[in-house]
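Novice:
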Amino acid sequence: MKIDGKDKAMQIELKEIPIRDLVNGYVDKYEEGIVGYGGKLDIRPPYQREFIYDQEQRDAVIETVLQGFPLNSMYWAVKDDGNFEILDGQQRTISICTYVNSQFSVRKKMFHNLQPDESKRFLDYKLMVYHCSGEPSEKLAWFRTINIAGEALSDQELHNAVYSGPWVTDARRYFSKRKCPAKDIGGDYVSGEAERGALLEKAIGWISNGQNESYMQIHQHKPSADELWLYFQNVINWTKIKFPNYRHEMKGVPWGELYNKYKDKDLNPKTLEREVARLMEDEDVTNKKGIYLYVLNQNERHLNIREFSPSQKREAYERQKGICFDCKKHFQIQDMEGHHIKPWSVGGKTLPENCRLLCSDCNRQRSNK
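Just so we're on the same page, the working numbering is the position in the sequence shown counted from 1, plus 109.
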């Protein structure tokens with residue numbers, strides 16, 4: 110077998126595992142882990158994602174089994190002690206185990222509401238499971254390259270697998286659990302699902318200036334992710350101090366990048382708030398989220414200032430008789446661009462009377478000045 114173009118010694122053997130054996134001894138101690146198969150199967154090893162299936166996906170797994178249709182194969186890694194850990198199939202496994210434990214219903218029935226023959230068929234259903242034996246690096250390479258059924262792994266989930274170790278385990282405790290501390294303090298400021306690694310990916314990107322993989326390589330075997338957690342707290346606390354009036358547009362702003370650049374600047378929160386409020390009311394500012402970047406760096410590109418409409422440009426074109434204001438040459442209207450006579454930065458509005466047409470070259474030259 111080849112993975113990434115290299116010969117691998119991993120041995121793969123197909124087994125048929127009845128659901129009754131899979132769910133035997135199923136225990137979910139959230140912080141400690143999830144096990145099944147008589148305590149021999151680690152359902153959520155350190156590199157695995159959180160449970161992310163929505164109700165429709167979860168129910169589809171159960172319907173597949175109830176109707177006796179084939180379910181996609183699963184992959185278990187064989188550990189040195191003869192036990193197993195899931196490489197691929199965690200979401201399906203948890204769906205099955207929680208259903209058998211009557212934690213949700215399908216067809217308006219819990220598992221314990223099924224008729225005896227129905228529950229027997231369900232428990233007798235054979236799962237196709239590949240047992241994969243090899244070195245830890247080979248298992249992780251396999252995990253990275255196999256087709257993950259149902260939900261593709263995010264970049265962060267892949268990085269968690271490749272750089273599995275004590276640091277990832279500790280970082281996930283802070284950033285990737287259902288009710289993790291990072292979500293509690295930063296959920297209103299950072300976009301994405303914590304369970305899919307979005308908060309962790311963002312925090313690593315901020316602290317490493319975008320060198321996520323290098324940062325994880327360096328920290329892989331460190332016992333604690335305290336450095337990252339303290340940094341993230343500093344970012345969110347700085348944000349709350351400098352911009353105390355929360356608005357929903359604040360979610361998704363690259364706060365870590367702003368913190369890195371401006372944390373030592375003497376910024377007055379009241380002055381910032383007045384400018385933010387003014388720009389929020391300005392109808393020419395179409396990217397309200399970009400206001401928070403603009404008030405710090407004064408770069409208008411973050412605001413997406415409203416462009417002149419086709420009718421406003423047509424009015425200016427007829428007024429100028431197709432002549433570029435700067436080079437005085439004649440152009441077709443599609444080759445000309447609207448320009449604010451009175452710049453937006455000093456109060457000029459995107460109104461017909463404030464529109465002047467320039468050819469593309471002249472407008473570009475002005476923009477570069």
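All C-beta atoms, glycine included, are put in the ideal place defined by N, C-alpha and C.
As the structure is a prediction and not an experimental result, all values here were calculated from the model.
Pull up the CB-CB distance for L308 and G301, whole angstroms please, since I reckon it's below 8 Å.
Specialist: Sure, about 7 Å apart at Cβ, within 8 Å.
Novice: Taking only the alpha-carbon atoms, compute the straight-line gap between D233 and E165 and give it to the nearest angstrom.
Specialist: The alpha-carbon atoms of D233 and E165 are separated by roughly 24 Å.
Novice: Between which two residues does the alpha helix (DSSP H) harbouring I414 extend?
Specialist: Taken as a continuous stretch (DSSP letters only), I414 belongs to no alpha helix (DSSP H), as it is neither H nor E.
Novice: Is G198 buried or exposed, if buried means 16 or more other CB atoms sit within 10 Å of its CB?
Specialist: So G198 ends up on the buried side.
Novice: What is the rounded straight-line gap between the Cα of E99 and the Cα of V215?
Specialist: Absent from the structure is residue 99, since the part of the chain shown begins at 110 and ends at 478.
Novice: Quick one: Cα of R423 to Cα of E462, how far?
Specialist: Cα-Cα distance, rounded: 12 Å.
Novice: Here's the rule I'm using: 16 or more other beta-carbon atoms within 10 Å means buried, otherwise exposed. How should S263 be labelled?
Specialist: It counts as buried.
Novice: My output table needs one value for R287: the three-state DSSP class, helix, strand or coil.
Specialist: Three-state DSSP puts R287 in coil, outside helix and strand.
Novice: For Y135, report the span of its beta strand (DSSP E) as first-last.
Specialist: Where Y135 is concerned, there is no enclosing beta strand (DSSP E), given that its DSSP letter is neither H nor E.
Novice: Tell me the DSSP bridge mates of R465?
Specialist: Bridge partners of R465: H448.
Novice: Residues in its own chain within less than 7 Å of H328 by CB, not counting five upstream and five downstream?
Specialist: Cβ neighbours of H328 beyond the five flanking positions: W276.
Novice: Buried or exposed: where does C206 fall if 16 or more other Cβ atoms within 10 Å of its Cβ makes it buried?
Specialist: Result: buried.
Novice: Once the 5 residues before and after N321 are set aside, which same chain residues still bring their CB inside 7 Å of it?
Specialist: Counting only Cβ-Cβ distances below 7 Å, and skipping sequence neighbours, we find H268, E310, I313, G314.
Novice: Just to confirm, are M359 and Y403 a CB contact at a threshold of 8 Å?
Specialist: Going by C-beta atoms, M359 is not nearer than 8 Å to Y403.
Novice: Per DSSP, A186 is paired with what?
Specialist: Per DSSP, E194, C241.
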